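Asks: One line per chain: the protein sequences are P and L, in this order.
If you want our numbering, it's the position in the first sequence, counting the first as 1, plus 524.
If you want our numbering, it's the position in the second sequence, counting the first as 1, plus 524.
Just so it is clear, CB atoms sit at the ideal spot from N, CA and C, and this is done for glycine as well.
All of these numbers come straight from a predicted model, not from anything done at the bench.
Dropping a structure here in structure tokens format, bear with me for questions.
2 protein chains.
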Amino acid sequence: MTVLERLQAELGAIVSVDAAELDASRTDKSGWTADGTPLAVVRAVTVEHVQAVLRIATEHRVPVITRGAGTGLAGGACGSAGTIVLNVAGMNRILEIRPEDELAVVEPGVINQHLNDALAEHGLWFAPDPASKAISTVGGNIATNAGGLLCAKYGVTRDAVLALTVVLADGTLLRTGHRTVKGVTGYDLTALLTGSEGTLGVIVEATVRVRAIPLGTVVTVAAVFPDVTVAAGASAAITAARLRPAVMELIDPVALGIVARYLGPNGSAGLDLGDGAFLLVQTDGPDALGEAEQVADVMRAHGGDVRLSTDQESGERLLAIRRMMHPALEQHGTVLIEDVSVPRSRMKEMFEEIARISARTGVAIPVIAHAGDGNLHPNFVIPPDPHRRAEDPLVPDNVWAAADEMFRAALALGGTLTGEHGVGVLKRRWLADELGDTSFDLQRRLKAVFDPLGILNPGTMFEQ
Amino acid sequence: MTVLERLQAELGAIVSVDAAELDASRTDKSGWTADGTPLAVVRAVTVEHVQAVLRIATEHRVPVITRGAGTGLAGGACGSAGTIVLNVAGMNRILEIRPEDELAVVEPGVINQHLNDALAEHGLWFAPDPASKAISTVGGNIATNAGGLLCAKYGVTRDAVLALTVVLADGTLLRTGHRTVKGVTGYDLTALLTGSEGTLGVIVEATVRVRAIPLGTVVTVAAVFPDVTVAAGASAAITAARLRPAVMELIDPVALGIVARYLGPNGSAGLDLGDGAFLLVQTDGPDALGEAEQVADVMRAHGGDVRLSTDQESGERLLAIRRMMHPALEQHGTVLIEDVSVPRSRMKEMFEEIARISARTGVAIPVIAHAGDGNLHPNFVIPPDPHRRAEDPLVPDNVWAAADEMFRAALALGGTLTGEHGVGVLKRRWLADELGDTSFDLQRRLKAVFDPLGILNPGTMFEQ
């Protein structure tokens, strides 16, 4: 029997060879599309389904691409020629919520926001908040160690994962971690698997740490500054003043101009967005207003035109300027969102580097940043090209050249080429540059311990 | 040349064969003493020293036990027959403090408290706070993923480690992680190495995350309850009320009686310690007093006799009841501190199990617990035995039998056999029971990737 026949014989109707479904599995939210067509998409609903797929894949030595909601931004979960796409989006049950232990147990396909909706009834929340949280899965958040807007204050996804159940390449079930806050028995496989992008095993259950929703109201403060250097200086001064905003987002003048035109004069929340830089802060907790007022003082001292909002409605209007950034960019073409991160103190230099790279290459690079943690998203907008043939690459060479310069600049500033999106296929060519040969070689050998046949998401993270 | 001659030829005066120094390296704060005598103690001061030791050890296939201040509680860094003890306590420089990036770079031998003293000048602190912080090293804190009193609110050591420089078994230098809050390039080797107890490599430099010291004064609330079940109920109710104490420590009646006799009537901070259970809470941050008052209300509602202190002096008197616990126990013999952790909701049951085990085995088991995170320290006090011969084991069989029952009870309650001390040699016999065969086998294979010859701290974590 072929591998497809084996899958169909053992798993029946959950094995799809529908052309549209196969095609949809080749891409994600990065705009990347994998070469060729996968053999099948298996819509797993149980742990046993996942184990069966991996057993069969091991026997036939066929690669398996694990996929959730397909919201990745690095091409890390796209079905390519000859692969089995293992879709776990249907494993979407919340298995337990334990307020007294501040934990929840979920299947990997649970949407982040759905988990938060269920937790809210208990006064709890799951802190990892990637911008995609309305559509991305907890399993995908863990597989990429997703970041988001709240990380400087509330940590990255890794900090919220207590335990995992994982199907290994040969179909064996592995349990890691514990239901306790502390636990140091053996190596921290939970952390090793978090952010491993489907290359070490398939997450089929996760025990995550949840928190009490902070008391009090969220307060929003936003300001427009004359340029991005001043805005970055203001954000650094907020951290230096020992304030700890929940959210601190920065939009550079190139990006702000685009979103200002998109929103129109009624969408500017009373601010002159002009060609300035925008800094938005949200504070929470019992002293949210006091902290916000101190933030506003710092912003004013840096020459910002400040708005402070304590009611949800006007706060939402300010936040919309940040939220509408991507829809605004998408009006102009396909958006390639980059994701470098630098030490906070080097953020100003990184903005300068990006401006230089933009000037030199003639590529516009609107930037938004999670300023609290030095994570910048330089965006490349690739306009529709009527002359582009299907076989032409989506990303033109001059954009890759600019991205290459940008990655090297981030590394030179002590940064990293991906703060929260993952390596996927889009950034693997720079992996060894950042890791160095010793780490790169060690990581490949660790991968081989989990996946001796190399069938788990090959091509993601490491070139094949 | 013998391995000792090689070490002496290459490293000169830092290689010691002094009998007292060799002997001192055989033990740690657990009371465990390793069999036999090590070949040498090498007092490394530079990275190159560490690399030389590991190169020579690899060539000669001689085991290396890495050791800092020797404050471990699991026998995990004790020099045994035929080993080289690599002492990195002399690598004790603070290399960088970067307030704007909220990070510090240190050598492994820096004492936790020394780092905190240096950070305090910048209004910063390093959150991991094992009870040993005045004498334990940051390298040792990382090697054991040390916990402490503040973990429920401020995380474990792993959450505070951004990057490591590690010498691998063959002397190669490995760099992991980054100087940024976020970073997802490749596998999280920093987390894998944290808590690996010297079995994967030797930490020679660490980049740690530091925080702004919380604003406001610390407020202390303490109460005596009629029994441990009520006290545990009060601690659970504090968490359920969405309060987030920095410290929440619980002392059971057996332990409280011992410390009360040790402190005498003048040391009881005005409380009738009698034969009750003691719960101590500290709150911090801008609303410390408001939170403390709510904590006091919850305690009173549970029948506690409550004292609330806003001044440092009376707060210290309350805290001393907890702090003097170990000196008090040590008056009665050698103390074996166990370290189980259970989900918070099962803490009451764990106390009941311990009481049952104590009654059944006739072994007194005074318990103190980090109640905020379900981490219990049942103590076995082994009285001096004038009839004990040097070759007799320190820990009598009935104590091991009681400990064995206790570990199994913790696992049955969904807990772990070590919350913060590590496996070392003292708990390795239960390792596979907790991990299960799949994880145990995988962990051994991961160890082999880092240490193919098995020369790094053999016998720690895994039986040889």
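Under 8 angstroms between beta-carbons, which chain P residues line up against Ser963(L)? List them in chain order, please.
Replies: Those are Leu698, Arg699, Thr700, Gly710 and Leu713, listed as they occur along chain P.
Asks: For His894(P), report the span of its alpha helix (DSSP H) as first-last.
Replies: His894(P) -> not in any alpha helix (DSSP H); beta strand (DSSP E) instead, spanning Val891 to His894.
Asks: Among Arg530(L), Val726(L) and Gly555(L), whose alpha-carbon lies nearest the alpha-carbon of Phe904(L)?
Replies: Per the Cα distances, Gly555(L).
Asks: Of all the options Asp776(L), Thr668(L), Lys706(L) and Gly672(L), which has the alpha carbon lying nearest to the alpha carbon of Thr723(L)?
Replies: The candidate whose alpha carbon is nearest that of Thr723(L) is Thr668(L).
Asks: If the cut is a Cβ gap below 9 angstroms, which residues of chain P does Pro810(L) touch?
Replies: Here the neighbours are Gly809, Pro810, Asp811, Gly814 and Glu815.
Asks: To test your reading of the DSSP string, which unbroken alpha helix (DSSP H) runs of 4 or more residues are found completely within the segment 650-731 of chain P?
Replies: For the segment 650-731 of chain P, whole alpha helix (DSSP H) runs of length 4 or above, ordered along the chain, are 662-667, 675-678 and 713-717.
Asks: Report the start-end ranges of each alpha helix (DSSP H) in the segment 565-635 of chain L that is 4 residues or longer and not cut off at the edges.
Replies: Listed in chain order, the complete alpha helix (DSSP H) runs (minimum 4 residues) inside the segment 565-635 of chain L are 571-584.
Asks: Hey, out of Arg766(L), Ala764(L) and Gly798(L), whose CA is closest to Ala779(L)'s CA?
Replies: When each option's Cα is compared against that of Ala779(L), the closest is Gly798(L).
Asks: Among Met848(L), Arg766(L), Asp897(L) and Leu717(L), which has the Cα closest to the Cα of Glu815(L)?
Replies: That would be Arg766(L), whose Cα lies nearest to the Cα of Glu815(L).
Asks: Tell me, please, which residues DSSP counts as bridged to Ile861(P).
Replies: According to DSSP, Ile861(P) bridges with Asn903(P).
Asks: With burial defined as no fewer than 16 other Cβ atoms inside 10 Å of the residue's Cβ, what is the status of Asn981(L): buried or exposed?
Replies: Asn981(L) should be labelled buried.
Asks: I think Val690(P) touches Val571(P), with their Cβ atoms under 8 angstroms apart; what is that distance to the nearest whole Å?
Replies: The pair is not a contact, with the Cβ atoms about 10 angstroms apart (cut-off 8 angstroms).
Asks: Would you mind sorting Arg868(P) into buried or exposed? The rule is 16 or more other CB atoms within 10 Å of its CB.
Replies: Arg868(P) is buried by the Cβ-count criterion.
Asks: Could you name the residues that DSSP lists as bridge partners for Ser882(L)?
Replies: Ser882(L) pairs with nothing; no bridge assigned.
Asks: For the segment 611-619 of chain L against the segment 630-644 of chain L, are there 3 or more C-beta pairs whose distance is under 8 angstroms?
Replies: Because the criterion of three Cβ pairs below 8 angstroms is met, the segment 611-619 of chain L and the segment 630-644 of chain L touch.
Asks: Can you tell me where the alpha helix (DSSP H) with Met849(P) in it begins and where it stops?
Replies: From DSSP, the alpha helix (DSSP H) with Met849(P) extends over Met849 to Glu854.
Asks: Compute the distance between the beta-carbons of Met823(L) and Val783(L), then report whether it is under 8 angstroms.
Replies: No, the Cβ-Cβ distance between Met823(L) and Val783(L) is not below 8 angstroms.
Asks: Would you say Leu955(L) and Gly710(P) are within 8 angstroms of each other, going by their C-beta atoms?
Replies: Yes. Within cutoff.
Asks: What are the uninterrupted segments assigned as beta strand (DSSP E) that are 3 or more residues long and contained completely in the segment 778-848 of chain L, given in chain order?
Replies: Within the segment 778-848 of chain L, the complete beta strand (DSSP E) runs of at least 3 residues are 801-807 and 829-833.
Asks: Go through the segment 894-969 of chain L residue by residue and report every complete run of the alpha helix (DSSP H) that reaches 4 residues or more, in order.
Replies: Runs of the alpha helix (DSSP H) inside the segment 894-969 of chain L: 921-936 and 955-959.
Asks: Looking at chain L, which residues of the segment 890-915 of chain P have a Cβ within less than 9 angstroms of any of its Cβ atoms?
Replies: Hits within the stretch, in order: His894, Gly896, Asp897, Gly898 and Asn899.
Asks: Please confirm if the segment 691-698 of chain P is in contact with the segment 655-673 of chain P, defined as three or more CB-CB distances below 8 angstroms between the two stretches.
Replies: At 8 angstroms Cβ cutoff, the stretches do not touch.
Asks: Is Ala765(L) helix, strand or coil when you go by DSSP?
Replies: If DSSP states are grouped into helix, strand and coil, Ala765(L) belongs with coil.
Asks: Could you give the residue range of the beta strand (DSSP E) that holds Ala888(L)?
Replies: Counting along the chain, Ala888(L) falls outside any beta strand (DSSP E), and DSSP gives it neither H nor E.
Asks: Decide if the segment 748-758 of chain P is in contact with the segment 832-849 of chain P; the criterion is three or more beta carbon pairs, one per stretch, under 8 angstroms apart.
Replies: No contact exists between the segment 748-758 of chain P and the segment 832-849 of chain P.
Asks: Residues in the segment 935-950 of chain L with C-beta within 7 angstroms of chain P's C-beta atoms, listed in sequence order?
Replies: Cβ contacts with chain P come from Gly938, Gly939, Thr940, Leu941, Thr942, Gly943, Glu944, Gly946 and Val947.
Asks: Can you tell me whether Asn611(P) is buried or exposed, with buried defined as 16 or more other CB within 10 angstroms of its CB?
Replies: So Asn611(P) ends up on the buried side.
Asks: Taking Lys657(L) as the query, report the chain P residues whose CB atoms sit under 7 angstroms from its CB, ordered along the chain.
Replies: The premise fails here: Lys657(L) is roughly 16 angstroms from chain P at the closest Cβ pair, so nothing lies under 7 angstroms.
Asks: Check whether chain P comes within 8 angstroms of Met985(L), counting only Cβ atoms and requiring the distance to be less than that.
Replies: Yes - at least one Cβ of chain P is within 8 angstroms of the one on Met985(L).
Asks: How many angstroms separate the CA atom of Ser540(L) from the CA atom of Val574(L)?
Replies: One C-alpha to the other measures close to 15 angstroms.
Asks: Using only the alpha-carbon positions, how far apart do Glu929(P) and Leu716(P) sit?
Replies: Taking the straight line from one Cα to the other gives about 30 angstroms.
Asks: Can you name the residues of chain P whose CB is closer than 7 angstroms to the CB of Ala676(L)?
Replies: The contacting residues are Val705.
Asks: Here's the rule I'm using: 16 or more other beta-carbon atoms within 10 Å means buried, otherwise exposed. How should Ala770(P) be labelled?
Replies: By the 10 Å Cβ count, Ala770(P) comes out buried.
Asks: In whole angstroms, what separates the C-alpha of Asp683(P) from that of Val748(L)?
Replies: If you take the alpha carbons of Asp683(P) and Val748(L), they lie about 34 angstroms apart.
Asks: In three-state DSSP terms, what is Glu773(L)?
Replies: Of the three classes helix, strand and coil, the one that applies to Glu773(L) here is strand, per DSSP.
Asks: Rounded to a whole number of angstroms, what is the C-alpha to C-alpha distance between Ala972(P) and Val726(P)?
Replies: The straight-line gap from Cα to Cα measures roughly 15 angstroms.
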